[in-house]
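In what follows, a structure is listed as structure tokens, so that the remarks can point back to it.
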Amino acid sequence: MPAAPLHHQLLDTLDTLPPQLRSAALWMLDHPDDVALLSMRGQAERAGVPPATMTRLAQRLGFDGYENVRDLYAQAVRRRAIGFADKGGALVARGKADGEGGLLGDMLAMAAGNVQRLGDGEVLAQVRAAARALGGARRLFALGLRSSFSVAFHFHYVASFIGTDCRLIDGAGSTGSDALRGGGASDALLAVSVKPYVRATLDLVRHAVTHGLQVVALTDSTASPLARQAQAVIVVPTDSPSFFHTMLPAFAVVELLAALLATQRGEAALDAIAATEAELAALDIYALGSERRRVPT
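Numbering of the sequence shown is given in this note's numbering, commencing with residue 15 and proceeding in unit increments.
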């Protein structure tokens, strides 16, 4: 296995570091994967130092802050292409070492951090650009397969609720490309895929591009094969202490997109919401909390 990104730099500076920075550096040397997966606060706790020490160590190494260090280690983990089984083994080992409480705390801390990162100016600019592309389209298509399917479905469902002509490409009966029939330059496709990228998703996106559709990619890297085919790209973090990548930030992004589409549509969105609610009520879709359960006689 190749050395961790800062392995040699940490070793070279170890003897010159004051005690707290040295403790943090030793912990990083011994736990390179945890540098990528755990929050800064969680790492500081395990290293036995205050969180500010991790920031000072990052600055000592030439970085603006510790998040830059975490990103560097996360990229290294992704390049190693750890499989689900390998990550599952690491998860089980961590559960035995830290207990359920430690594991759950790490997962929640990372989930909160991942969502908080969506508030970065760069990500918000990506979301706004994507919303403009989607909002200007005559018709929308939503595509996501395997772990990304639920994200695409959620976008399709909420966008349809506000009256947007949005079609879900679910590929039932291997008819995925059929849904794009008639699509063209006035239409847009929201495609969702993160590593490991689903080949069928990439093929369908290529098909959409040949028909002139604008592609908005919701993915995990600007270098992903999906991003390279898109006119607008939103990058979300997927790192998780669990064996499976997280889709929570992707869900948050499609909710942001749907909200922006609603504001763009204005009164038309309000009329569509009212019509949808009336139809759902007429069909008696929802069980209201005030209803009493009927007892058979």
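C-beta: ideal position from N, C-alpha, C; glycine also.
In this structure residue 124 touches residue 254 by the C-beta definition: roughly 6 Å separates them, less than 8 Å. In this structure, residue 157 keeps its C-beta atom at 8 Å or more from the C-beta atom of residue 151.
Contact between the region 138 to 149 and the region 220 to 232 is present, with at least three C-beta pairs closer than 8 Å. For residue 299, the three-state secondary structure derived from DSSP is coil. Within the same chain, 229, 243 come within 8 Å of residue 223 by CB-CB distance, once the 5 residues on both sides are set aside. A Cβ-Cβ distance of about 7 Å is found for the pair residue 204 and residue 154, placing them in contact under the 8 Å criterion.
One Cα belongs to residue 279, the other to residue 134, and the distance between them is close to 26 Å. Excluding its 5 nearest sequence neighbours in each direction, residue 266 has C-beta neighbours in its own chain below 7 Å: 129, 132, listed in chain order. Secondary structure in the region 122 to 158: the beta strand (DSSP E) runs of 3 residues or longer, each lying completely within the stretch, are 153 to 158 in chain order. Note on the region 176 to 237: whole beta strand (DSSP E) runs with a minimum of 3 residues are 180 to 183, 201 to 206, 228 to 233, in chain order. Ranked by Cα distance from residue 60, the options 71, 78, 40 are led by 40. Under the three-state reduction of DSSP, residue 246 is assigned to strand. The criterion of a C-beta distance shorter than 8 Å is satisfied by residue 34 and residue 67. Contact between residue 208 and residue 252 holds, with the beta-carbon distance rounding to 5 Å and staying under 8 Å. For residue 291 and residue 300, the gap between their C-alpha atoms comes out near 10 Å. Only exposed fits residue 179, as fewer than 16 other CB atoms lie within 10 angstroms of its CB. Inter-residue distance for residue 36 and residue 42 is about 10 Å (C-alpha atoms, whole angstroms). In the DSSP annotation of this structure, residue 252 is not part of any alpha helix (DSSP H), being labelled neither H nor E. Taking 8 Å as the cut-off, the Cβ atoms of residue 172 and residue 272 count as close. Proximity to residue 177 across 239, 139, 281, 122 peaks at 281, based on C-alpha coordinates.
DSSP, read as helix, strand or coil, puts residue 260 in coil.
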